[in-house]
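Undergrad:
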Amino acid sequence: MSVDSSNGDIIAMNVYKKIQAVRVAFQNKNIKQSGVNKFANYKYFELGDITPVLNNLLLDYGLTSFITFTNDMATLTVVNCDNPSEQVVFTSPMRTVEMKGCNNIQALGGIETYQRRYLYMIAFDIVETDFFEAQKAREITDDQIRFITAKTEPEKLNSWLQKLKIGDIKQLSYLQAEQLISKLRKVDSQNV
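Under my numbering, the first residue of the sequence shown carries the number 1, and numbering increases by one thereafter.
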């Protein structure tokens with residue numbers, strides 16, 4: 001559904017109301033996450049999932065946005081087209097990242113693409129399941145169970161499970177198991 005941007009009600013809205021209207025309209029679109037992290041087993045929004053929908057909504061609600069970069073900061077400015085003096089600025093610190101198999105320009109492009117994605121997500125309150133939530137939802141694996149039971153005395157394991165208010169090791173989440181395995185490995189390395 002397209003909104004008539006010549007509508008007087010929309011024109012009269014200030015920049016904050018328009019941004020909020022775009023946020024709600026975006027959430028109501030139920031956009032599918034096309035990015036997949038196969039290693040960590042979760043989906044995420046790619047920039048290409050966000051921008052086509054967002055650009056149409058910005059147009060419908062009389063807003064425009066532009067992004068600028070300095071060495072230190074990425075900045076997204078959202079402007080009310082019906083009153084250009086109304087602007088909202090969102091920022092994110094720039095970071096350098098080593099990207100294998102990329103030259104400097106390709107690495108910069110990758111960083112800028114991620115920054116654009118995150119700035120849009122911040123400005124328009126675009127929410128996705130993050131890595132840690134995905135890991136909490138995953139079930140403990142058989143390999144994790146074998147490692148933990150091989151490295152832990154039964155009394156100690158039962159004590160840990162009681163502290164977590166868990167009756168059986170199979171009730172641990174993948175993330176809880178990884179945290180426990182990390183502690184066990186640390187103890188092993190200190191005993192060497």
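We treat Cβ as the ideally placed atom computed from N, Cα and C, and that holds for glycine.
1) Taking the beta carbon of LYS165 as the centre, do at least 16 other beta carbons fall within 10 Å, making it buried, or is it exposed?
2) Using DSSP bridges, identify the partner residues of ASN80.
3) Report yes if the CB atom of GLY109 is closer than 9 Å to the CB atom of VAL97, and no otherwise.
4) According to DSSP, simplified to helix, strand and coil, what is LYS43?
5) My guess is that ASN80 and LEU63 are in contact by the Cβ rule of under 8 Å, so how many angstroms apart are they, rounded?
6) Going by alpha carbons, who is nearest to ASP49 out of GLU128, ASP9 and LYS170?
7) What would DSSP say about THR68, mapped onto helix, strand or coil?
8) For a quick check, are the C-beta atoms of LEU76 and LEU47 less than 9 Å apart?
9) Under 9 Å between the Cβ atoms of ALA177 and ILE140?
10) For the candidate residues MET99, GLN144 and ASP72, whose alpha-carbon lies nearest to that of LEU180?
11) Taking buried to mean at least 16 other C-beta atoms within 10 Å of its own C-beta, is TYR61 buried or exposed?
12) Does the separation of the CB atoms of VAL36 and LYS43 fall below 9 Å?
13) Distance check for PRO84 and LYS183, CA to CA, integer angstroms please.
14) Starting from the Cα of PHE147, find the closest Cα among GLN115, ASP188 and ARG138 and give me that residue.
TA: Looking at the coordinates:
1) As a first step, residue 165 is located in the sequence shown; it is residue number 165 there, counting from the start. It counts as exposed.
2) To locate residue 80, count along the sequence shown from 1; it is residue 80. Partner(s): LEU63.
3) The residue you call residue 109 lines up with position 109 of the sequence shown. The residue you call residue 97 lines up with position 97 of the sequence shown. Result no, Cβ atoms of GLY109 and VAL97 do not sit closer than 9 Å.
4) Within the sequence shown, numbered from 1, the residue matching residue 43 stands at position 43. Strand at LYS43.
5) Along the sequence shown, read from residue 1 onward, the residue named residue 80 stands at position 80. Along the sequence shown, read from residue 1 onward, the residue named residue 63 stands at position 63. With a Cβ gap of about 6 Å, ASN80 and LEU63 count as contacting.
6) By 1-based counting over the sequence shown, the position of residue 49 is 49. Comparing Cα-Cα distances from ASP49 to each of GLU128, ASP9 and LYS170, the minimum goes to GLU128.
7) For the purposes of this step, residue 68 is taken as residue 68 along the sequence shown, with counting starting at 1. THR68: strand per DSSP, three-state reduction.
8) Here residue 76 refers to the residue found at position 76 when the sequence shown is read from its first residue. Here residue 47 refers to the residue found at position 47 when the sequence shown is read from its first residue. Going by C-beta atoms, LEU76 is not nearer than 9 Å to LEU47.
9) If you number the sequence shown from 1, residue 177 lands on position 177. If you number the sequence shown from 1, residue 140 lands on position 140. Yes, Cβ-Cβ distance for ALA177 and ILE140 is below 9 Å.
10) Sequence index remark: in the sequence shown, residue 180 carries index 180 (1-based). Looking at the Cα atoms, GLN144 is the closest of the given residues.
11) Counting from 1 along the sequence shown, the entry for residue 61 is found at position 61. Buried.
12) To locate residue 36, count along the sequence shown from 1; it is residue 36. To locate residue 43, count along the sequence shown from 1; it is residue 43. Yes, the Cβ-Cβ distance between VAL36 and LYS43 is below 9 Å.
13) Numbered from its first residue, the sequence shown carries residue 183 at position 183. Numbered from its first residue, the sequence shown carries residue 84 at position 84. Rounded to the nearest angstrom, the two C-alpha atoms are 55 Å apart.
14) Taking the first residue of the sequence shown as 1, we reach residue 147 at position 147. Minimum Cα distance to PHE147 is reached at ASP188.
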